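Structure first, commentary second.
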Amino acid sequence: MKLIALGSVAAAALLAAALTTATASAGTGSDVVSGPAGLSPEVAATAHGSGVDAHQQALAAYWTPERMRTARPESEIPAVRNQKGAAPAAQSEPAGPAGHVAAAAPKVEPKASTAAGGSSEVAPAAYNPGYPVGHPVARTYGKVFFTSLGLDYVCSATVVNTEGKSEVWTAGHCVSDGGAWNTNWTFVPNYASGSAPYGYWYAYQLWTTTAWFNNNGDFANDVGSAVLYRNNGSRITDYLGGQGIAWNYPIGQYVYAFGYPQAAPFTGCCLFAENGATYNGGGGTIFMVNYMTGGSSGGAWLMSFDGNWGYINGHNDFKNTSLPQYMYSAYYGNQVLNLYNSVRNIST
C-alpha cells in the first residue's frame, strides 16, 4: 500500500537533511514541539540585516509569481500508515470530554486590495464554491508556500480562533516532514489565480506533535499550526476572523472540506470544496469521500458549518493511492487539544 501526504516532501530524502532542533512546548510535556519559521540558506543570504523586517522583505522578494506558480503540490511518502506499534496507541474515539472554541468574526470587516477571480475547472464530486472575495470562508482559508530541501511546495491552511489571534491550522507535514522544519513559510489568505487580496502573512513559529516530528509515518498525529507575524500592525484573526475548532467529538460528523488542490486535474488556482460524513479510518484516523488532490493538504474540515463559520474537526491530509476517492485526516482527539492549548495564547 502506498500513501500520499498531500503537499509533503519525500520522507526518505529527509533522512539526509540537517536536523533543526525542536523545542518541547511548556505545559504539555513532550506532546508537541515547536521551531522557528526560518529562512532557507538561499533566502537568508539575500536578507539585508536581521530582525522581522529583513525576514519579511527577503520572503517578499523570494516568493515571486513564477515561484508560486511552479511550487510543487505533493511528493509521495514511502511509508505505511500507522506502522507496527503505532495503531494501538492512536485515538479513534473520544478519550475525554468533547470541547470546542467558537469562531470569531474580525474586529472590522476587512477590505480586499484587489479583485480575485474563480475558475471553471471541475473534478468529480469536488466543486468550486464560488465565494466572492471577502466571504468568511474564502478569507480564513489560504494557500501556503514553503521550501524543503531546496524545493518549493504548496499546502493549505485555515485561520483558527485563539486568544493570541495569530494562528493558522494545517497538517503536520505542511510544517515539518519529520525531524526538520520547513522554511520560507508564507500564508496567502483568499488566494485566487495569483492574487493576494489580503496580502502575504509570514510565519514566526511552526508547531506540530512530537509523534509526527519524530515519525512522519504516524498520520494519526499529522496536525500542525503556524504562528504568524502581524501584517501592517494587525493580527490575522483580528483582521480576517478565525474559524472555531473542536476535539473529542464522535466520528460521523457532517463536514465541509476546503482547500487548494493543485495536482491534476486541478491547477491550484483557487479554493475547492467537498462535503459529507466522516467515517472511522482506523489507527486514529477518519476519512470522507473527497476528490481533492495534492496542495489541498491542511485545508480544514468544518463541522456545524453555517455557511460562513464552523468548527475545525479534521483536515485534508493523505490518501491511499488505491482508493483516490477517499481523503483521510487524523481523528481530532487529545493530540489536537494539546497542540491547540500550546499555541492559543501566543501573539506576535
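This note's numbering numbers the first residue of the sequence shown as 99 and each following residue consecutively. Positions of the beta carbon are idealized from the N, C-alpha and C atoms, including for glycine. Only a predicted model underlies this, so the values are computations on that prediction, with no experimental measurement involved.
Worksheet item: For the candidate residues K241, V206, R165, E207, whose alpha-carbon lies nearest to that of C367?
Response: In the sequence shown, the residue the question calls residue 367 occupies position 269. Of the listed residues, the one whose Cα sits closest to C367 is K241.
Discussion item. Does A318 pass the burial test, meaning 16 or more other C-beta atoms within 10 Å, or should it be called exposed?
Written reply: By 1-based counting over the sequence shown, the position of residue 318 is 220. With 16 or more Cβ atoms within 10 Å of its Cβ, A318 is classed as buried.
Item to complete: Report the rounded CA-to-CA distance for A193 versus G380, giving the unit in angstroms.
Response: Start at 1 with the first residue of the sequence shown, and residue 193 comes out as number 95. Start at 1 with the first residue of the sequence shown, and residue 380 comes out as number 282. Roughly 15 angstroms between the two C-alpha positions.
Worksheet item: Are the stretch 320-340 and the stretch 348-368 touching, with three or more C-beta to C-beta distances below 8 angstroms?
Response: no
Worksheet entry | Whole-angstrom C-beta distance between G340 and T238, which should lie under 8 angstroms | By 1-based counting over the sequence shown, the position of residue 238 is 140. By 1-based counting over the sequence shown, the position of residue 340 is 242. Right, the Cβ-Cβ distance comes to about 6 angstroms (below 8 angstroms), so this counts as a contact.
Worksheet item: Going straight from the alpha carbon of T281 to that of F243, what length do you get?
Response: For the purposes of this step, residue 281 is taken as residue 183 along the sequence shown, with counting starting at 1. For the purposes of this step, residue 243 is taken as residue 145 along the sequence shown, with counting starting at 1. Answer to the nearest angstrom: the Cα atoms are 9 angstroms apart.
Discussion item. Could you give the first and the last residue of the continuous beta strand (DSSP E) run that contains M401?
Written reply: Here residue 401 refers to the residue found at position 303 when the sequence shown is read from its first residue. 398-401 is the extent of the beta strand (DSSP E) around M401.
Discussion item. Please return the same chain residues whose Cβ sits closer than 6 angstroms to the Cβ of A196, not counting the five positions on each side in sequence.
Written reply: Here residue 196 refers to the residue found at position 98 when the sequence shown is read from its first residue. Excluding sequence neighbours, A196 sits near N346, Y347.
Fill in: Cβ neighbour criterion (16 or more within 10 Å) applied to N330
To locate residue 330, count along the sequence shown from 1; it is residue 232. The residue in question, N330, is exposed, as its Cβ has fewer than 16 Cβ neighbours within 10 Å.
Worksheet item: Looking at S132 and S395, is the spacing between their C-beta atoms short of 9 angstroms?
Response: Start at 1 with the first residue of the sequence shown, and residue 395 comes out as number 297. Start at 1 with the first residue of the sequence shown, and residue 132 comes out as number 34. No, Cβ-Cβ distance for S395 and S132 is not below 9 angstroms.
Practice prompt. For the alpha helix (DSSP H) holding V141, just list the boundary residues, first then last.
Written response: Position 43 of the sequence shown holds residue 141. Where V141 is concerned, the enclosing alpha helix (DSSP H) stretches over 139-142.
Worksheet item: My guess is that Q433 and D129 are in contact by the Cβ rule of under 8 angstroms, so how many angstroms apart are they, rounded?
Response: On the sequence shown, residue 433 is found 335 positions in, with the first residue counted as 1. On the sequence shown, residue 129 is found 31 positions in, with the first residue counted as 1. So it is a contact: roughly 7 angstroms between Cβ atoms.
Worksheet item: Curious, which full-length beta strand (DSSP E) runs of at least 3 residues does the stretch 222-290 contain?
Response: 239-246, 249-257, 265-268, 281-287
Practice prompt. Sort K205, T383, W305 by Cα distance to K417 and report the nearest one.
Written response: In the sequence shown, counting from the first residue as 1, residue 417 sits at position 319. The option with the nearest alpha carbon to K417 is T383.
Practice prompt. Check each candidate in N378, G405, F370 and name the one with the smallest Cα separation from Y429.
Written response: By one-based count along the sequence shown, residue 429 stands at place 331. That would be N378, whose Cα lies nearest to the Cα of Y429.
Worksheet item: Taking one C-beta from the stretch 319-326 and one from the stretch 295-308 each time, how about it: are there three or more such pairs within less than 8 angstroms?
Response: yes
Practice prompt. Determine the direct distance from the alpha carbon of A362 to that of V220, and round the result to whole angstroms.
Written response: Counting from 1 along the sequence shown, the entry for residue 220 is found at position 122. Counting from 1 along the sequence shown, the entry for residue 362 is found at position 264. Only weak support exists for where V220 lies, its pLDDT of 44 falling under 50; the value from the coordinates is given anyway. Roughly 11 angstroms separates the two Cα atoms.
Discussion item. For Y424, tell me which candidate among P204, G292, T376 has the shortest Cα-Cα distance.
Written reply: On the sequence shown, position 326 is the one that residue 424 refers to. Selected option, being the one with the closest Cα: T376.
Discussion item. Please identify the residue among A290, G297, S291 whose C-alpha is closest to the C-alpha of T284.
Written reply: Counted from its first residue, the sequence shown places residue 284 at position 186. Checked all of A290, G297, S291; the closest Cα to T284 is G297.
Worksheet item: Taking the DSSP output, what are the residues bridged to L326?
Response: As a first step, residue 326 must be located in the sequence shown, where it is residue number 228. Paired residues: A301.
Item to complete: State the start and end residues of the unbroken beta strand (DSSP E) segment that holds I334.
Response: Working through the sequence shown from its first residue, we reach residue 334 at position 236. It is not in any beta strand (DSSP E) - I334 instead sits in the alpha helix (DSSP H) that spans 334-338.
Fill in: 7 angstroms CB neighbourhood of Q181 in its chain, flanking five on each side removed
Position 83 of the sequence shown, counting from 1, holds the residue named residue 181. At Q181 the pLDDT is 36, less than 50, meaning the model places this residue with poor confidence and gives no usable figure here.
Worksheet item: Can you give the beta carbon distance from Y409 to H198, rounded, assuming they're within the 8 angstroms contact cut?
Response: Sequence index remark: in the sequence shown, residue 409 carries index 311 (1-based). Sequence index remark: in the sequence shown, residue 198 carries index 100 (1-based). Yes, they are in contact, since the Cβ atoms of Y409 and H198 sit about 5 angstroms apart, within 8 angstroms.
Fill in: C-alpha distance - V387 paired with G136, whole-angstrom precision
The residue you call residue 387 lines up with position 289 of the sequence shown. The residue you call residue 136 lines up with position 38 of the sequence shown. Going by the C-alpha atoms only, they are around 36 angstroms apart.
Worksheet item: For G215, is the classification buried or exposed, using 16 other Cβ atoms within 10 angstroms of its Cβ as the cut-off for buried?
Response: The residue you call residue 215 lines up with position 117 of the sequence shown. Caution is warranted here: a pLDDT of 44 is assigned to G215, below 50, making its placement in the model unreliable, and the coordinate value is therefore given only provisionally. Answer is exposed; the Cβ neighbour count stays below 16.
Worksheet item: Identify the residues that DSSP records as bridge partners of K417: which are they?
Response: As a working note, residue 417 is residue 319 in the sequence shown. In DSSP, K417 forms a bridge with I102.
Worksheet entry | Three-state secondary structure assigned by DSSP to G380 | Your numbering for residue 380 matches position 282 in the sequence shown. Residue state, collapsed to three classes: strand.
Worksheet item: G357 to K205, Cα distance in whole Å?
Response: The count along the sequence shown starts at 1 and reaches residue 357 at position 259. The count along the sequence shown starts at 1 and reaches residue 205 at position 107. Spanning the two alpha carbons is a distance of roughly 25 angstroms.
Discussion item. Report the CB separation of Y389 from A224 in whole angstroms; it is logged as a contact under 8 angstroms.
Written reply: Counting from 1 along the sequence shown, the entry for residue 389 is found at position 291. Counting from 1 along the sequence shown, the entry for residue 224 is found at position 126. Right, the Cβ-Cβ distance comes to about 5 angstroms (below 8 angstroms), so this counts as a contact.
Item to complete: Apply the 10 Å Cβ neighbour rule to V286 and answer buried if 16 or more other Cβ atoms are within range, or exposed otherwise.
Response: The count along the sequence shown starts at 1 and reaches residue 286 at position 188. Under this definition V286 is a buried residue.
Worksheet item: So, A324 versus V252, is the Cβ gap smaller than 9 angstroms?
Response: Taking the first residue of the sequence shown as position 1, residue 324 is located at position 226. Taking the first residue of the sequence shown as position 1, residue 252 is located at position 154. No; because the gap between Cβ atoms is not below 9 angstroms, this pair is not in contact.
Worksheet item: Thinking C-beta only, is A158 closer than 9 angstroms to A142?
Response: Stepping through the sequence shown from its first residue, residue 142 is reached at position 44. Stepping through the sequence shown from its first residue, residue 158 is reached at position 60. Cβ distance not < 9 angstroms, so A142 and A158 don't count as in contact.
Worksheet item: On the three-state DSSP scale, how would you describe T307?
Response: Along the sequence shown, read from residue 1 onward, the residue named residue 307 stands at position 209. T307 falls in the strand class under three-state DSSP.
Worksheet item: Near A184, which residues of its chain fall below 6 angstroms by C-beta distance, leaving aside the five closest residues on each side in sequence?
Response: Reading the sequence shown from its first residue, position 86 is the one you call residue 184. Only weak support exists for where A184 lies, its pLDDT of 38 falling under 50; the value from the coordinates is given anyway. Contacts found: D316.
Worksheet item: If we ignore side chains and look at the alpha-carbon of each, how far apart do V264 and Y327 end up?
Response: One-based indexing of the sequence shown puts residue 264 at position 166. One-based indexing of the sequence shown puts residue 327 at position 229. The sequence given here has Ser at residue 264, not Val. So the two alpha carbons sit approximately 7 angstroms from each other.
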